[in-house]
Every structure is written in structure tokens, then in C-alpha cells.
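Residue numbers (the working numbering): -10 to 105. Down below is the structure, laid out as C-alpha cells.
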């Protein structure tokens, strides 16, 4: 079992929910995807699937999957905290919005005015 691979699966599951592609997909298909739309559930099932695909013992795979589901909560919290820091720093560097950003100034998403 490769811990790096499991960490990558965990990160991908949490990031997919945190950054936003999952809610966007749900909006496009007009259907809620309960397991995929929850970082804990997605982390559990994805890690379990990966571990079993790697032919790890079932009990060990289930235990690691539960651990990853629990870690997903903390990783989501860390990502949210980093977002908050980013918004603070971005506001200090760019205190006023550019006129070209007028369409994003009234968005509910605090990251909507950030250019990629």
C-alpha cells in the first residue's frame, strides 16, 4: 500500500468538493449526487475502492478508509482557512477592484473576483 497514493486520493476528493466542480456538475445534470457531493463519503468510498483494487486486506482497507473520511473534515477546514487568509492578503494587495471586475463585485462567492 502506498500512503502517497492514498493521500492523493484523499486530497482529490476533498478538493473536488471544496473548489467546486461537484456542485457545478450537479447543477448541470439537475440531479444531486449524495456520495460524490460529500467530501467524507467520497473520501471513504474512493480510498476503500483504491485499497481493495490494490488487493489490501479488507479490514485494513476499511479502517484506512474511515481514517481518511475523518481526515477529510480537517483537510476541508484547512482549505477553508487558507481561503480566508488568501482573501485577506488579496484585499491588502489589491484594495480596490478594477473597473473591468464590475460584473463580479456583487457576487456571493468571495473568490469570484480573483483572476486565475
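Don't be surprised by glycine CBs; every beta carbon is placed ideally from N, CA and C.
Collapsed DSSP secondary structure at residue i in the structure displayed
i, result
"residue 6", "helix"
"residue 39", "helix"
"residue -7", "helix"
"residue 83", "coil"
"residue 27", "coil"
"residue 46", "coil"
"residue 76", "helix"
Proximity below 8 Å, CB of residue i to CB of residue j
i, j, result
"residue 36", "residue 67", "no"
"residue 3", "residue 32", "yes"
"residue 169", "residue 82", "With the chain covering -10 to 105 only, the question about residue 169 has no answer from this structure."
Rounded C-alpha distance that separates residue i from residue j
i, j, result
"residue 25", "residue 77", "30 Å"
"residue 47", "residue 84", "53 Å"
"residue 57", "residue 80", "34 Å"
"residue 43", "residue -9", "9 Å"
"residue 64", "residue 16", "25 Å"
"residue 34", "residue 8", "20 Å"
"residue 12", "residue -7", "27 Å"
"residue 70", "residue 28", "16 Å"
"residue 21", "residue 14", "9 Å"
Buried versus exposed call for residue i [16 or more other C-beta atoms within 10 Å across all chains shown]
i, result
"residue 53", "buried"
"residue 19", "exposed"
"residue 61", "buried"
"residue 5", "buried"
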